[in-house]
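Numbering (this note's numbering), first residue to last: 156 to 431.
Ideal Cβ positions, reconstructed from N, Cα and C, are used throughout, including at glycine.
I have placed the structure first, in the form of structure tokens, so that the comments after it can refer back to it.
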Amino acid sequence: MSASPEYATFHFHALHHADQPLLLPNAWDVASAVALAGAGYAAIGTTSLGVAAAHGYPDGRALAEVRDATLALALRLNGRLACPYTVDIEGGFGGDPAQVAELAGELAEAGAAGLNLEDGLPGGAGLQDPVRQAELITAAKERAPGLFLNARIDTHWLVDAPPPLSATLARAESYLAAGADGIFVPGVVADDDVSALVSEVPAPLNILFTPGRHTLSRLAELGVRRISTGSLLFRTALSAALGAADAIRTGRELPDVAGGAGAVLGYQEVQRLLGE
């Protein structure tokens, strides 16, 4: 049974202020979202890379096709999950404030409890002007005030030499003043940097989990309130598919389909996940 949209939104906000940080696994389709929700996670996010790639498109290009696929996934998740879900909308898919506001409204009507809006420009062409980004945030919040708007700051993402943290904090201040509910800074890995952001950002801080650099317990100690997996699960699943195909080709043993730890889900299990 899914919760009412109003309760899901209220609960999703509350999860950012709980005793432990919210671990947010990111799904790329209905099956992955339903499976993760069924595994007991408190909330589910979508990954823009996973959604785009699953439909044959690159991520972060502000493509109308990916916007449509993202909204369609949000609509298909409505009523399917026993937990809240939040939707990654890249930088608003190139929309102006009115268009981003319209998308936020559509997501709220679809049952989403939150959205993730980044300030990286399409194609890795730098960062959005912070004044312009603040306008997008304000427009989205005015249209869908109940959604938890996670403002992603890309100062440390896919860059060789990130600017000082002061530049990130200045953007955070502007986005919170515009109405953002939380701040997401992917690419930050050093404890000192995470600690400084927690100390200076007066809102729940979201960090992208980096294997080999982060642990959930350490991020919790530092005061992080939300930990996202981003596209990690999608990329892991894709790698596992390649590995399984190669095992068949080379005659290596595949994971046990019949059961046990790490077993591959059976055909009927997937059917049951999706309601049969």
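Asn-271 has Asp-243 and Asn-305 as its beta-bridge partners, per DSSP.
Within the region 172-240, complete alpha helix (DSSP H) segments of at least 4 residues are found at 185-193, 203-209 and 219-232, given in chain order. The continuous alpha helix (DSSP H) containing Arg-373 extends over residues 371-377. Here the region 396-406 does not lie against the region 195-211, with fewer than 3 beta-carbon pairs under 8 Å apart.
Partner residues in the beta bridge of Leu-282, as assigned by DSSP, are Gly-275.
Thr-391 counts as exposed, since fewer than 16 other beta carbons sit within 10 angstroms of its beta carbon.
Per DSSP, the continuous alpha helix (DSSP H) segment holding Ser-354 begins and ends at 346-355. Contact between the region 290-300 and the region 260-275 is present: 3 or more CB-CB pairs across the two stretches fall below 8 Å. If you ignore the 5 residues before and after Leu-324, its C-beta comes within less than 6 Å of the C-beta of Glu-355, all in its own chain and listed in chain order. In the three-state scheme derived from DSSP, where H, G and I count as helix and E and B as strand, Ser-386 is classed as coil.
Within the same chain, Cβ atoms closer than 8 Å to the Cβ of Leu-236 are found at Ser-157, Ala-188, Val-189, Ala-192 and Ile-199, the five residues on either side in sequence being excluded. For the options Ala-375, Ala-186 and Asp-174, the alpha carbon positioned closest to that of Arg-427 is the one of Ala-186.
In this structure Ala-253 is exposed. Its beta-carbon is surrounded by fewer than 16 other beta-carbon atoms within 10 angstroms. Residue pairing by DSSP places Arg-381 opposite Leu-177 and Asn-361 in a beta bridge.
Annotated three-state conformation of Phe-339 is strand, per DSSP.
For Ala-295, the closest alpha carbon among the candidates Leu-272, Pro-359 and His-311 is that of Leu-272. Note on geometry: alpha-carbon atoms of Leu-360 and Arg-380 lie some 5 Å from one another. For His-168, the enclosing alpha helix (DSSP H) has its first and last residue at 160-170.
Assignment of Thr-391 by DSSP, reduced to helix, strand and coil, places it in the helix class.
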